[in-house]
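Those letters in the sequence shown? Residues -22 to -1, 1 to 207, by mature numbering (1 follows the signal peptide of the UniProt record, and there is no 0). Here the structure comes first, spelled out in structure tokens, and everything after it is commentary.
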Amino acid sequence: MNKLKAMLGGLVVIFMSGSLSAAMITNGDFANSCSLNGWQTDTDGFAGGTNDFTLDGSAPNCAASINVDYANTDVYYAANTLFQNLDLSGASSSTFLLTMDFSVFSESNSNEQDFIADYFMIALFDGSDYYNQHGDFGFLVSPTDIDGSQNYNLSFELDSSFANQTNWSLDFQVLLGIAGFDTDFFGSTLSISSVSLTEQKAVVGASTPASLALFALGLFGLAVRRKTF
């Protein structure tokens, strides 16, 4: 019986669970807002061109689109970037769940002889360099060719070291594919339906989960039955 009591006592465990805070990105629901409010645009280091950033479709199926290499786009030698400064305020132990739903499309593809893939990347930017979700140099999504159509639904858990840091932005960037000094003049688009960022607060406490309690009762019954034989 003493062994059983000790076993039951050991079933009280310390656990960690997450609770989510309010949205931390302004206007991340492009599908319904059909607006670029809260976001900034950049074309080759200057203000974004009119046709380089568009809103396509209608609610609830809008998308914020980044376009390159079309006849009417202004991007010429580098990239179009859609970005927003992030609110990373929270508890020091919090992580941040970043989710995104987007697609890419190119007018041509690698089946064409003269196809030169434009490409995209997604990263956290501190004003100087690009970083991944762990705070290391790199990308959330490394430079990836746009070759036909592809849908993406991604999530990243930002490390707790980001908590309460400032001057970070989330950058969606589409870059021209260039061979020599020429592009293939086939357009490419990255279309974003939604982006969200939520604080995940760590909660530590004592609990006896129901499954463990039932397991304990089973052990007790087993011990009693054995004693009666």
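Quick reminder that beta carbons are idealized off the backbone N, C-alpha and C, glycines included. Since we're looking at a predicted model, the values are computed, not measured.
Using the beta-carbon count (16 or more within 10 Å), is Asp20 buried or exposed? buried
Assign Leu175 to one of two classes, buried (16 or more other C-beta atoms within 10 Å of its C-beta) or exposed (fewer than that). buried
Count the other C-beta atoms from every protein chain shown that fall within 10 angstroms of the C-beta of Asn58, then say buried if there are 16 or more, exposed otherwise. buried
Would you identify the three-state DSSP class for Phe93, choosing helix, strand or coil? coil
Suppose you measure from the CA of Leu64 to the CA of Phe117; what does that come to, to the nearest Å? 16 Å
Asn39 and Ala69 - do their beta-carbons sit closer together than 8 Å? no
Taking the alpha carbon of Ser127 as the point to measure from, which residue in Asp22, Ser166, Gln62 and Tyr54 has its own alpha carbon closest? Considering only alpha carbons, the answer is Ser166.
Rounded distance between the beta-carbons of Ile44 and Ile94, thought under 8 Å: Between Ile94 and Ile44, the beta carbon gap of about 18 Å keeps them out of contact (Cβ cut-off 8 Å).
Quick test of the definition: if touching needs 3 or more C-beta pairs under 8 Å, does the segment 21 to 33 touch the segment 131 to 149? no
Which whole-angstrom value is the C-beta distance of Ser72 and Ser138, which I expect to be below 8 Å? 6 Å
Pick out the complete beta strand (DSSP E) segments inside the segment 32 to 60, 3 residues or longer, and give them in chain order. 41 to 46
Could you give the first and the last residue of the continuous beta strand (DSSP E) run that contains Asn131? Gln128 to Leu136
Identify whether Asn29 lies in helix, strand or coil by the three-state DSSP scheme. coil
Pull up the DSSP beta-bridge partners for Leu76, would you. Answer is Phe134 and Leu175.
Considering only the alpha carbon of each residue, which of Phe83, Tyr48 and Phe61 lies closest to Ser169? Phe83
Give a yes or no on whether 8 Å exceeds the smallest Cβ distance from Gly105 to chain C. Of the protein chains in the structure, only one exists, and it is not chain C.
When the distance is taken between beta carbons, is Trp17 closer than 8 Å to Asn61? Going by the sequence as given, residue 61 is Phe instead of Asn. Contact flag set, yes.
Under a three-way DSSP split, which group does Ala184 fall into? Interpretation of Ala184 is limited by its pLDDT of 46, a score under 50 that renders its predicted location unreliable; no figure is taken from the coordinates.
Check whether the Cβ atoms of Tyr55 and Asp22 lie closer than 8 Å to each other. yes
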